[in-house]
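The structure under discussion appears below in the form of structure tokens.
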Amino acid sequence: MEFKRNILITGGAGFIGSHVVRLFVNKYPEYHIINLDKLTYAGNLANLTDIEEMPNYTFVRADICDFDKMMELFKTFSIDGVIHLAAESHVDRSIKDPLTFAQTNVMGTLSLLQAAKLSWADSFEGKRFYHISTDEVYGALHFDGTFFTETTKYNPHSPYSASKAGSDHFVRAFHDTYGLPTVVTNCSNNYGPYQFPEKLIPLFINNIRHGKPLPVYGKGENVRDWLYVVDHARAIDVIFHEGKIADTYNIGGFNEWKNIDLIKVIIKTVDRLLGNAEGTSEKLITYVTDRAGHDLRYAIDSTKLKNELGWEPSLQFEEGIEKTVRWYLDNQEWMDNITSGEYEKYYESMYTDR
Ligand code: NAD
Ligand code: TYD
Numbered sequence: 113m114e115f116k117r118n119i120l121i122t123g124g125a126g127f128i129g130s131h132v133v134r135l136f137v138n139k140y141p142e143y144h145i146i147n148l149d150k151l152t153y154a155g156n157l158a159n160l161t162d163i164e165e166m167p168n169y170t171f172v173r174a175d176i177c178d179f180d181k182m183m184e185l186f187k188t189f190s191i192d193g194v195i196h197l198a199a200e201s202h203v204d205r206s207i208k209d210p211l212t213f214a215q216t217n218v219m220g221t222l223s224l225l226q227a228a229k230l231s232w233a234d235s236f237e238g239k240r241f242y243h244i245s246t247d248e249v250y251g252a253l254h255f256d257g258t259f260f261t262e263t264t265k266y267n268p269h270s271p272y273s274a275s276k277a278g279s280d281h282f283v284r285a286f287h288d289t290y291g292l293p294t295v296v297t298n299c300s301n302n303y304g305p306y307q308f309p310e311k312l313i314p315l316f317i318n319n320i321r322h323g324k325p326l327p328v329y330g331k332g333e334n335v336r337d338w339l340y341v342v343d344h345a346r347a348i349d350v351i352f353h354e355g356k357i358a359d360t361y362n363i364g365g366f367n368e369w370k371n372i373d374l375i376k377v378i379i380k381t382v383d384r385l386l387g388n389a390e391g392t393s394e395k396l397i398t399y400v401t402d403r404a405g406h407d408l409r410y411a412i413d414s415t416k417l418k419n420e421l422g423w424e425p426s427l428q429f430e431e432g433i434e435k436t437v438r439w440y441l442d443n444q445e446w447m448d449n450i451t452s453g454e455y456e457k458y459y460e461s462m463y464t465d466r
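If you're matching positions, the sequence shown starts at 113 in our numbering and goes up one per residue.
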């Protein structure tokens, strides 16, 4: 079958990637979507069971650092667009194992860029390399009402954000040096279904369900700006098709929450949906040693994206968190498959080794 476009989505078995793959496969039957994923601990094909039989979908297990394999894939599938999400994504893991983060996030991105540049050498016309990044590259804000904009200077603090910053610089360098048609977006914290339960929201929902402690780092005063993952996927769709080449867009929902306040909303929602009396699970809150280099506040200004491309979040936070909690409670098998076995050992070690 001849497709109108052949799009390589990397990291499509992960949290955000699976939502992007689902959106593109369902919305664009005329596109062939090739999901490339190494299936690290964070990659899970159970995130995609609803679309895996679709005729415009192909899964390939591969490592983005394997340059020869990337060259082969560009050729085999006549790739003309890349949406690059594959990465090591958890700050706490990056503190323990920074080398893996540099390898995957920097060298892996470079390997993909080089494969795109060489494979598209005849003409960059109609091609696009879209790199998905994070607001964490900008560093941390104070409690002063300021926001990260597209011109905020990079100032990463964690090995994770430093590795993402490195990858962003390489993407821009490939445009400026070789003319590769790139676009970069920096998004705030995502939440929603299929997020790996080492991240705050799914971890806490699952711990409440099991009556386990809720480890709040420091005093719980750090602020994060939360966006429902499907809204991020919608933004990626708009920017992949209409974003200006060589440009950068910030993606966020103007939705800042102090960790402890967010945690109380999660507790209240889970308790209500489980039929517990209000406040039952507040006793699980346990203040633990703070994360090293813990960024105080993130807040994204996404005005440019709204003004230039008309994107806005579709969900209010109250609605998004309700949907999210319901999803994790309704999909306990998905969660239990992850949290048994090796993961359990890893998770315990995160706390005993701190
Ligand atoms: P995730 O950890 O859930 O998924 C990452 C996916 O990449 C996994 O499926 C994993 O198997 C795959 N992967 C890892 N190393 C690979 C390699 N070497 N080769 C091929 N595949 C590999 O991450 P996520 O939360 O879905 O984040 C996706 C992207 O979005 C990342 O680039 C991240 O930096 C960025 N981002 C995330 C957030 C967030 O809140 N989660 C916010 C902004 C930006
Ligand atoms: P996380 O979901 O790891 O995202 P990020 O570090 O990329 O923002 O953490 C969100 C916030 O929650 C962050 O300020 C760290 C805090 N946090 C806890 O207090 N306890 C936890 O167990 C985790 C995982 C995070």
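Glycine residues also receive a C-beta, built at the ideal position from the N, C-alpha and C atoms.
Residue ranges of each alpha helix (DSSP H) run of no fewer than 4 residues wholly in the region 164-189, ordered along the chain? 179-188
What is the rounded straight-line gap between the Cα of I317 and the Cα of D256? The residue given as residue 317 occupies position 205 in the sequence shown. The residue given as residue 256 occupies position 144 in the sequence shown. Cα-Cα distance, rounded: 31 Å.
Rounded to the nearest angstrom, what separates F186 and T221 at their Cα positions? Taking the first residue of the sequence shown as position 1, residue 186 is located at position 74. Taking the first residue of the sequence shown as position 1, residue 221 is located at position 109. Rounded to the nearest angstrom, the two C-alpha atoms are 15 Å apart.
Report buried or exposed for D465, applying the criterion of at least 16 other Cβ atoms within 10 angstroms of its Cβ. Position 353 of the sequence shown, counting from 1, holds the residue named residue 465. Reliability fails at D465, whose pLDDT of 49 lies under 50, so the model's placement of it is uncertain and no value is given.
Would you decide whether V249 is buried or exposed? Buried here means 16 or more other CB atoms lie within 10 Å of its CB. The sequence position of residue 249 within the sequence shown is 137, counting from 1. V249 should be labelled buried.
Out of curiosity, what's the CA-to-CA distance linking L427 and K139? The residue you call residue 427 lines up with position 315 of the sequence shown. The residue you call residue 139 lines up with position 27 of the sequence shown. If you take the alpha carbons of L427 and K139, they lie about 19 Å apart.
Within its chain, find whatever has a CB closer than 6 Å to the CB of R403; leave out the 5 residues flanking it on each side and keep chain order. Here residue 403 corresponds to residue number 291 of the sequence shown, with the count starting at 1. Answer for R403: Y329, listed in chain order.
Alpha carbon to alpha carbon, how far is S223 from A411? Give it in angstroms, no decimals. Counted from its first residue, the sequence shown places residue 411 at position 299. Counted from its first residue, the sequence shown places residue 223 at position 111. Approximately 31 Å, taken between the alpha carbons.
For Y303, which residues does DSSP report across the bridge? Indexing the sequence shown from 1 puts residue 303 at position 191. Per DSSP, Y340.
Quick check: the Cα distance between G126 and D337, rounded to an integer number of angstroms? Counted from its first residue, the sequence shown places residue 126 at position 14. Counted from its first residue, the sequence shown places residue 337 at position 225. Roughly 21 Å between the two C-alpha positions.
State yes or no: is the C-beta of W439 within less than 8 Å of the C-beta of P305? Counted from its first residue, the sequence shown places residue 439 at position 327. Counted from its first residue, the sequence shown places residue 305 at position 193. Cβ distance < 8 Å, so W439 and P305 count as in contact.
What separation, rounded to the nearest whole angstrom, lies between the Cα atoms of A214 and R240? Position 102 of the sequence shown holds residue 214. Position 128 of the sequence shown holds residue 240. Between A214 and R240, the C-alpha separation is close to 24 Å.
From the DSSP output, read off the bridge partner residues of R240. By 1-based counting over the sequence shown, the position of residue 240 is 128. According to DSSP, R240 bridges with G193.
I119: which of I128, L148 and M113 sits nearest, CA to CA? Along the sequence shown, read from residue 1 onward, the residue named residue 119 stands at position 7. The residue with the shortest Cα to Cα distance from I119 is L148.
Would you check if the region 227-237 and the region 332-349 touch, i.e. whether three or more CB-CB distances between them fall below 8 Å? no
Using the C-alpha atoms, what's the distance from L386 back to V437? Position 325 of the sequence shown, counted from the start, is the residue given in the question as residue 437. Position 274 of the sequence shown, counted from the start, is the residue given in the question as residue 386. V437 and L386: Cα-Cα distance of roughly 10 Å.
Cβ-based neighbour list, N443, same chain, cut-off 8 Å, excluding 5 preceding and 5 following: If you number the sequence shown from 1, residue 443 lands on position 331. So the list reads P305, once near-sequence residues are dropped.
Would you check if the distance between the CB atom of I351 and the CB atom of Y266 is smaller than 8 Å? Start at 1 with the first residue of the sequence shown, and residue 351 comes out as number 239. Start at 1 with the first residue of the sequence shown, and residue 266 comes out as number 154. Going by C-beta atoms, I351 is not nearer than 8 Å to Y266.
Quick check on the burial criterion: 16 or more other C-beta atoms within 10 angstroms. Buried or exposed for D247? In the sequence shown, the residue the question calls residue 247 occupies position 135. Buried, since its Cβ has 16 or more Cβ neighbours within 10 Å.
Run of the alpha helix (DSSP H) containing I128, from where it starts to where it stops: Within the sequence shown, numbered from 1, the residue matching residue 128 stands at position 16. Where I128 is concerned, the enclosing alpha helix (DSSP H) stretches over F127 to K139.
In terms of residue numbering, what span does the alpha helix (DSSP H) encompassing I207 cover? As a position in the sequence shown, residue 207 is number 95, starting the count at 1. Note, I207: alpha helix (DSSP H), V203 to K208.
Does any residue of chain D bring its CB to less than 8 Å from the CB of L157? Absent from the structure: chain D. Only one protein chain is present.
Tell me the DSSP secondary structure of P293 in three-state form. In the sequence shown, residue 293 corresponds to position 181, counting from 1. Three-state DSSP puts P293 in coil, outside helix and strand.
Below 8 Å between beta carbons: does that hold for H196 and K311? The residue labelled residue 196 in the question sits at position 84 within the sequence shown. The residue labelled residue 311 in the question sits at position 199 within the sequence shown. Contact flag unset, no.
Inter-stretch contact at 8 Å, needing at least 3 Cβ pairs: the region 358-369 / the region 390-406: no
So, with DSSP's three-state summary, where would you put S309? By one-based count along the sequence shown, residue 309 stands at place 197. Residue 309 is actually Pro in this sequence, not Ser. DSSP places P309 in coil when its eight states are reduced to three.
Can you determine whether any heavy atom of the ligand NAD sits closer than 7 Å to the C-beta of K139, and answer yes or no? Residue 139 sits at position 27 when you count from the first residue of the sequence shown. Answer for K139: no, Cβ out of range of the ligand NAD.
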